[in-house]
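Asks:
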Amino acid sequence: MARVLAAVLTVWTLTALVLGPDSARNPVPHVVYVWLWVGLAFSSMLLGPVWRVINPLRALHAGLLRLARVSPDLAVLPYRWGLWPAAIGLGTFTWLELVAEDNTSLGFLQLLVAGFFAISLLGSAVFGRTWFDHADPFEAWSRLLGLLSPLGRRHDGRWVLRTPLHGVNGLRGQRGLVPTVAVMLGGTAYDGFSANLSWATFVQTSSVPSSLLKTATLLAFFGLVAVTIWLASVVSVRLAREPFSRSFSFVSDIAPSLIPIAGGYVVAHYWSLWVYQGQYAWRLLTDPLGTGADLLGTADLTPNDLLIAPTLVATIQAVSIVIGHLLGVLAAHERAITVLDRRAAVVGQVPLMVVMVIYTLGGLTILFAP
32 MARVLAAVLT VWTLTALVLG PDSARNPVPH VVYVWLWVGL AFSSMLLGPV
82 WRVINPLRAL HAGLLRLARV SPDLAVLPYR WGLWPAAIGL GTFTWLELVA
132 EDNTSLGFLQ LLVAGFFAIS LLGSAVFGRT WFDHADPFEA WSRLLGLLSP
182 LGRRHDGRWV LRTPLHGVNG LRGQRGLVPT VAVMLGGTAY DGFSANLSWA
232 TFVQTSSVPS SLLKTATLLA FFGLVAVTIW LASVVSVRLA REPFSRSFSF
282 VSDIAPSLIP IAGGYVVAHY WSLWVYQGQY AWRLLTDPLG TGADLLGTAD
332 LTPNDLLIAP TLVATIQAVS IVIGHLLGVL AAHERAITVL DRRAAVVGQV
382 PLMVVMVIYT LGGLTILFAP
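Be aware that the sequence shown starts at 32, since it is given in this note's numbering, and climbs by one per residue.
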C-alpha cells in the first residue's frame, strides 16, 4: 500500500513539475524540500528506513529487470565506494536547499529532478540494486536516521520495540560513513547558524559574493564535524596506546554516535517547517496544474498552528538537542568499550565525551542566538 501511494504521489508531483505553473502555487518545492527532505527524516526516525520501501526509483529499477526477465542482482561492475556517493549527494542537496539561488523555480527543480533520476537509473544499471543500498543519498539519509526508530525487526522478521541506541550500536564502521554523518550534522547546524541575524548582516555587507561565502561556510561546517571527531579519535587511540594509523578506522567505528545528535538537530531546526508547511502542501497538491481545480478537496485547508506555538517550539528544540546529545554520549561510550581494549576504554573515551559536550554547547548557542 505504501509503495502504491508513493508511486501515485511521484506521478502527481512529476505532472506538476512538467505541466504546472512556475509560481508559488506549484506544489513541487514543498514536496521536495518539505516532504521528501524533512518529512522523510521524521518518518524514518519514527518508523525506520521507509525510503528503502517506497523509493520509486528502486521500484522502477526492479520492474524493468522483471520485464527483461533478468536477475534482480544483475550488475555490470562491482560496487566498491561505500557511502561516499551518498555523502556527496547529501552534501549537494544540502547546498541546493540552503545556498543555491532560485532553488524553488520550476526550471531549477526540473533540472534537479531530471539529474537525480538520470544518475540513479545509470548507477543502478551499472552497479545493480547495490547502488540504492549504499549510494542513494535519500536511502542513506533515511536508513541512518531510521536507526533511531523505536521499531525494529528480529532475525525471524517479527516487529519489536527497541531503544534508539539499539539500531545505532548495531551499525559498524564502513567506507564513507564519517563524511556522510558529517554532512548530516554539519548541514543542519549550518541551517540554524545561517538564520542568525549577525550572520545575515555580515553576508549582506561583505564584499565577497554571498553564494561563495555561504558555500565556503557550509563546507566548513561539514569539515568541522569530520575533523573534530577525527581529532578526538586520534587522542583516544593514543591514550589507549595504539598506533596513530588506528585512528582512521576508529573514527569510522565511533561515527554512528553522531547519528542521535544529527537526529536531534533535525527535530530542533525543522519541527516548525514540517508541522506547518507540511500541512500547507496539501493546499497546493490539490491543484497541480494551477488551473484552480480542487482535486483533493483541500483547497481551503488552513494549517493548524497549535504545534508551532513559540513556547512549545522552544521546548521541543531544547529537549531534542539535549536528548540527541545524551544519546550520542551513550552511543560513543558503548562503542568505545566495544572497540578499544577494556583497560584503555575508560580513558580512551574521554576525548569523545569532550567533543560531545562541545557539540551540545555549540548546538544550543546556534539555536538560541538572536
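C-beta atoms are modelled at their ideal positions from N, C-alpha and C, and glycine is treated no differently.
Only a predicted model underlies this, so the values are computations on that prediction, with no experimental measurement involved.
Assign L192 to one of three DSSP states: helix, strand, or coil.
Replies: strand
Asks: Just verifying my parser: in three-state terms, what is the DSSP assignment at G207?
Replies: Collapsing the DSSP output to three states places G207 in coil.
Asks: Between A220 and D104, what straight-line distance do the alpha-carbon atoms span, to the nearest angstrom?
Replies: 38 Å
Asks: Alpha carbon to alpha carbon, what distance is there between I290 and T369?
Replies: 18 Å
Asks: By a C-beta neighbour count over all protein chains shown, 10 Å radius and 16 as the cutoff for buried, is I389 buried or exposed?
Replies: exposed
Asks: From what residue to what residue does the beta strand (DSSP E) around R269 run?
Replies: Where R269 is concerned, there is no enclosing beta strand (DSSP E), although the alpha helix (DSSP H) it sits in stretches over S241 to L270.
Asks: From what residue to what residue does the alpha helix (DSSP H) around R100 run?
Replies: Unbroken run through R100: none, as it is neither H nor E.
Asks: Counting pairs of beta carbons, one from the segment 178–198 and one from the segment 221–238, are three or more of them closer than 8 Å?
Replies: no
Asks: Kindly indicate the opening and closing residues of the alpha helix (DSSP H) around R111.
Replies: Counting along the chain, R111 falls outside any alpha helix (DSSP H), and DSSP gives it neither H nor E.
Asks: Going along the chain, which residues of its own chain have a beta-carbon closer than 7 Å to the beta-carbon of S303, five neighbours each way excluded?
Replies: Spatial neighbours of S303 in its own chain (CB-CB distance under 7 Å, excluding positions within 5 residues in sequence) are listed in chain order as I339 and V344.
Asks: So, do the segment 236–247 and the segment 121–137 have three or more beta carbon pairs nearer to each other than 8 Å?
Replies: yes
Asks: Less than 8 Å between the CB atoms is what I'm expecting for G295 and H364, so what's the real figure, rounded?
Replies: Between H364 and G295 the Cβ distance is about 17 Å, and since that is not below 8 Å, they are no contact.
Asks: Rounded to whole angstroms, what's the CA-CA distance from L262 to R189? Just pull it up for me.
Replies: Between L262 and R189, the C-alpha separation is close to 40 Å.
Asks: Is it the case that the Cβ atoms of I292 and G359 are separated by a distance below 7 Å?
Replies: yes
Asks: Roughly how many whole angstroms lie between the Cα atoms of S151 and L228?
Replies: When rounded, the separation of the alpha-carbon atoms in S151 and L228 is 38 Å.
Asks: Classify R366 as helix, strand or coil using the three-state DSSP reduction.
Replies: helix
Asks: Label M449 either buried or exposed according to how many other C-beta atoms from any shown protein chain fall within 10 Å of its C-beta, with 16 as the threshold for buried.
Replies: Residue numbering for the chain in the displayed model covers 32 to 401; residue 449 lies beyond these limits and cannot be assessed.
Asks: Applying the 10 Å Cβ sphere with the 16-neighbour rule, what's the burial state of S173?
Replies: buried
Asks: Strictly by DSSP, which residues pair up with R184?
Replies: W190
Asks: So, is R314 buried or exposed, given that buried needs 16 or more other C-beta atoms within 10 angstroms?
Replies: That one is buried.
Asks: With 16 as the cutoff for other CB atoms within 10 Å, does H92 come out buried or exposed?
Replies: buried
Asks: Counting along the chain, where does the alpha helix (DSSP H) carrying M76 start and finish?
Replies: Looking at the DSSP string, the run of the alpha helix (DSSP H) that includes M76 is L71 to L78.
Asks: Leaving aside the five residues before and after A213 along the sequence, list all residues of the same chain whose C-beta is less than 6 Å from its C-beta, in chain order.
Replies: F253, V256 and A257
Asks: Helix or strand or just coil, what does DSSP make of G323?
Replies: coil
Asks: Under a three-way DSSP split, which group does M32 fall into?
Replies: coil
Asks: Quick check on Q380: does DSSP put it in helix, strand or coil?
Replies: coil
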